[in-house]
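For reference, the structure discussed in these notes is given below.
Protein chains: 2
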Amino acid sequence: MENYSTRLAKIQDWMTEEGISLLMLEDTEGRRDKNIRWLTGHPGDALLFITQEEVPSRKINSKAILAAWDINLAKLYAGLSPVMIAAYNDFGRQPIKAIAAALQLFKIPSGSKIEIPSVTPYPSFLDYVGELSGYDILCRNNGANVELDKLRAVKDEEEIADIRKAADITNELIDLLEKNVREEKIKTEADAALFIEIEARKRGCEGTSFETLAAGSFRSFAIHAFPAWTNFPFGEKGLSILDFGVKYNGYCTDVTLTFARDLNPKQERIVNLVEKAAKLATAMAHNETPAKDIAAAVDTFFAKSKKEMPHGLGHGIGLQEHEYPVIRNRSDNEWVLKPGMIFTIEPGLYDTLLGGCRLENDILITEKGQEILTTARIIRL
Amino acid sequence: MENYSTRLAKIQDWMTEEGISLLMLEDTEGRRDKNIRWLTGHPGDALLFITQEEVPSRKINSKAILAAWDINLAKLYAGLSPVMIAAYNDFGRQPIKAIAAALQLFKIPSGSKIEIPSVTPYPSFLDYVGELSGYDILCRNNGANVELDKLRAVKDEEEIADIRKAADITNELIDLLEKNVREEKIKTEADAALFIEIEARKRGCEGTSFETLAAGSFRSFAIHAFPAWTNFPFGEKGLSILDFGVKYNGYCTDVTLTFARDLNPKQERIVNLVEKAAKLATAMAHNETPAKDIAAAVDTFFAKSKKEMPHGLGHGIGLQEHEYPVIRNRSDNEWVLKPGMIFTIEPGLYDTLLGGCRLENDILITEKGQEILTTARIIRL
């Protein structure tokens, strides 16, 4: 795929500006990094080493080496990318040993700048510095992996096409979920969650974006119900929340429906406030709008009714279910919306006695305004 | 629950020995830590602050504060533990602000030792040191969270009872899976995965321990199939792998079955080697055995037949699907088996043309020997 080369070139240009000779990315348990999939297609459990200059050598014929836990899987998924595929087993099965091997293979002279992931724990950082003496080891909040995260906030055409496809499937499922709850074919949280699992895959999805949260009315007070779903009733009297997404070709949607039945006036009020907040926020989502302003407007709107939302307004979606841009009312949030950004807007209010209500849709920023990709809604039963 | 107090006391004793005045644990996205659940019952998204001495104060009446993202959920799950429950919102929604607040609440004098999680990224560590000047900030490979991980490697009676219950449910599902595959009620990977999801919850489980890996014969060559399961056939000619676990009261099982149909001699050989390796390893699992020796014996056994296993032999299970002890053939693996340890033994061999075979069971070490808690097996169709 041509995009892999384009993406690799972007980060290599950045490396040149920063004077970095070798970059290591890590996608392992506890330190997941979707940048490796974005750059190569490989879905997980690997290290990726990137350099700027090709080294003419019999052993290596690329500017990037993917050291994969499962080499067979890597050949299947990263075969179209311009990286050299190697077995993690041959790299000592430890990042520090692997980076030492990569330095040798790429013939990188001592004194060079080597960047490791910004999430590298402090004690491990000390180990890197100790083991790779002679090199200048960088581990920075604004390092290469964060630069890649930021690049990924604006989607290219291929990515937008994948998310559109995921959104189309999501919307089909939303209609079917509404129909099946109305017809009482879906009666429990488990019915709803399993319906999504199977129907998403029937339509070609890799799976769901995250564990579906299905919370009937007596559990919907929690922001994220625990356990995620059970055999308890769903869609009965009160407010039931269904938070789910599907993953197509790696790309996620993330939506939340609220099902409302026989509400009392206090519950009606919550639902109306959430619907109005969603409308207000979506209307504000335009090219060049500071994301913080939208979240602040929703907080102010709720505060007028003496309500408080216990979570952020939204987040970017893409290869991860949570990624940049940040859509929160926090002083350090400097994100400004740009065409190609795709993110959720998900106002919600929660009460231990009344239950919870959240309405979440996925928005694409365009040159002219915004496009609401998904059709999540409050469903009045 | 009495155990929460006992566990808290254990880590407080350790803090006394180490001279630590305040300990912070963090269970957030990207930095999951089951120690908070082990110490309080709260299942996720929280910070936990632990000190050694109670501070008589109107504001605080405990030696530990749980700052939870969802305070309602925390009250439900951590209500029986001796910690004080607070809203993360009131702690500035940032670990650094929260730790500063905790230092004030507990009246901890400057110069004191404060321990933060060993997984704290190097750039964040610098921020902590900068913000909390006057305190001695510790971030160590052998810090408190790792000490807790090590304590958790030996299960107490209540934990063993939960894992036994999870194992009983797992074994019931194994029998039903065999029956349903034989009777062709389970024909696809999706059939198998969804059967487990629903039947586990019917039996009172929180859910599965991890996303079920169901790989029909043409995908079983991968150690961990990607995607985890699809609508492709399962249990057809060749080798199909089913790797799953259930979670009961937070405690995980982890087993792998291989379904074998109409094998050729090369496939038969792989299956026989894996079965023999499992037998050999299990027989070696006794009190005081170094875990490395077992893994080394399996590597040697496979090497005699010119085969290589591309992953470790096993891992502890408990609140996490992967925890201590480490059952790997690595020079730095110093784990020695003790009564109360529960772990997997999971030899496997994989070939792009022949497919893969893995056999994984969960073992409890007792005073006298070992108990195989689960009944995973090679199922010849």
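Chains as they are written, first to last, in our numbering: chain G, 37 to 417; chain U, 37 to 417. Heads up, the beta-carbon is just placed ideally off N, CA and C, and yes, glycines get one too. If you're wondering where the values come from, they're calculated on a predicted model, not measured in any experiment.
Compare the C-beta of U:E233 with all C-beta atoms of chain G and state if any pair is closer than 8 Å.
Yes, contact with chain G.
Would you check if the distance between the CB atom of U:Y164 and the CB atom of U:I132 is smaller than 8 Å?
Cβ atoms of U:Y164 and U:I132: closer than 8 Å.
Quick one, which residues of the stretch 225-251 of chain U are near chain G if we go by CB-CB under 7 Å, in chain order?
Hits within the stretch, in order: A226, L230, E233, I234, R237, K238, E242, G243.
Who are the neighbours of U:D335 on chain G, taking C-beta pairs under 7 Å?
Within 7 Å Cβ-Cβ: nothing; U:D335 doesn't reach chain G, min ~12 Å.
Do you know whose CA, among G:G391, G:M320, G:A331, G:Q356, lies nearest G:K404's CA?
Per the Cα distances, G:M320.
What residues from the stretch 256-276 of chain U come within 9 Å of chain G, judged by C-beta to C-beta, listed N to C?
Cβ contacts with chain G: F257, A258, I259, H260, A261, F262, P263, A264, W265, T266, N267.
Would you call U:A45 buried or exposed, if buried means 16 or more other Cβ atoms sit within 10 Å of its Cβ?
With fewer than 16 Cβ atoms within 10 Å of its Cβ, U:A45 is classed as exposed.
So which residues on chain U does G:F161 lean against when the C-beta distance must stay under 7 Å?
By Cβ distance, chain U contributes Y158.
Here's the rule I'm using: 16 or more other beta-carbon atoms within 10 Å means buried, otherwise exposed. How should U:Q140 be labelled?
Per the 10 Å Cβ criterion, exposed.
Measure from the C-beta of U:V282 to each C-beta in chain G and report whether the shortest distance is under 8 Å.
No, its Cβ sits nowhere closer than 8 Å to a Cβ of chain G.
Taking 8 Å as the threshold (C-beta atoms), are U:A123 and U:I496 in contact?
Here chain U has residues from 37 to 417 only, and residue 496 of chain U is not among them.
Looking at the C-beta of G:R188, does it have a partner C-beta in chain U at a distance below 8 Å?
It does not: the Cβ of G:R188 has no partner Cβ on chain U nearer than 8 Å.
What span of residues does the beta strand (DSSP E) with U:S160 cover, start to end?
First-last for U:S160: 158-167, but that is the alpha helix (DSSP H), not the beta strand (DSSP E).
Taking the DSSP output, what are the residues bridged to U:L400?
According to DSSP, U:L400 bridges with U:I378, U:E407.
Which residues, in chain order, does the stretch 51-65 of chain G contribute to contact with chain U at a C-beta distance below 8 Å?
The stretch 51-65 of chain G vs chain U, Cβ under 8 Å: E65.
Taking Cβ positions, are G:T410 and G:T206 nearer each other than 8 Å?
Their beta carbons are under 8 Å apart, which means G:T410 touches G:T206 by this criterion.
For the structure I just gave you, are there three or more beta carbon pairs, one from the stretch 237-257 of chain G and one from the stretch 371-383 of chain G, closer than 8 Å?
No: the two stretches stay apart, fewer than three of their Cβ pairs being nearer than 8 Å.
Looking at C-alpha atoms only, which residue of G:R416, G:F268, G:L390, G:D279 is the closest neighbour of G:I381?
When only C-alpha atoms are compared, the closest one is G:D279.
Here's the rule: buried if 16 or more other CB atoms are within 10 angstroms of the residue's CB, otherwise exposed. What is G:T388?
Flag for G:T388 reads exposed.
Could you name the residues of chain G that U:P79 contacts, counting a contact when the two beta carbons are closer than 8 Å?
Neighbours of U:P79 on chain G, chain order: F262.
Take G:K186 and list the residues in its own chain whose beta-carbon comes closer than 7 Å to its own, dropping the five residues that flank it on each side.
Excluding sequence neighbours, G:K186 sits near Y360.
Give me the chain U residues within the contact set of G:S154, using Cβ-Cβ distance strictly less than 7 Å, ordered along the chain.
Within 7 Å Cβ-Cβ: P157, P159.
With a threshold of 8 Å between beta-carbons, can U:D290 be considered close to chain G, or not?
Not one chain G Cβ lies under 8 Å of U:D290.
According to DSSP, simplified to helix, strand and coil, what is G:M320?
It is helical.
Taking CB distances under 8 Å as the criterion, tell me whether G:L207 reaches chain U.
Checking the sequence, you will find Asn at residue 207 of chain G rather than Leu. For G:N207, the answer is no, since every Cβ of chain U falls outside 8 Å of its Cβ.
Which ranges does the alpha helix (DSSP H) cover as unbroken runs of at least 4 residues, wholly within the stretch 159-245 of chain U, from first to last along the chain?
Runs found: 180-188, 193-218, 225-238.
Looking at the C-beta of U:T380, does it have a partner C-beta in chain G at a distance below 8 Å?
So no, U:T380 is outside the interface.
Just checking, does the stretch 335-342 of chain G make contact with the stretch 281-298 of chain G on the three C-beta pairs under 8 Å criterion?
Segments in contact, no.
Report yes if the CB atom of U:E151 is closer than 8 Å to the CB atom of U:L293, and no otherwise.
Their beta carbons are not under 8 Å apart, which means U:E151 does not touch U:L293 by this criterion.
For the pair the stretch 220-235 of chain U and the stretch 63-82 of chain G, tell me if three or more CB-CB distances fall below 8 Å.
These segments do not touch.
If you run the structure through DSSP and keep just helix, strand and coil, what is G:E54?
Helix at G:E54.
What are the boundary residues of the beta strand (DSSP E) that includes U:F280?
274-280 is the extent of the beta strand (DSSP E) around U:F280.
Using DSSP's beta-bridge definition, name the partner residues of G:H351.
G:H351 is bridged to G:V362.
Quick one: grab the DSSP three-state call for G:V307.
G:V307: helix per DSSP, three-state reduction.
Please identify the residue among G:G147, G:L102, G:V190, G:A197 whose C-alpha is closest to the C-alpha of G:I173.
Looking at the Cα atoms, G:G147 is the closest of the given residues.
Run through chain G and tell me which residues come within less than 8 Å of U:T388, C-beta to C-beta.
Going along chain G in sequence order, the residues near U:T388 (Cβ under 8 Å) are N108.
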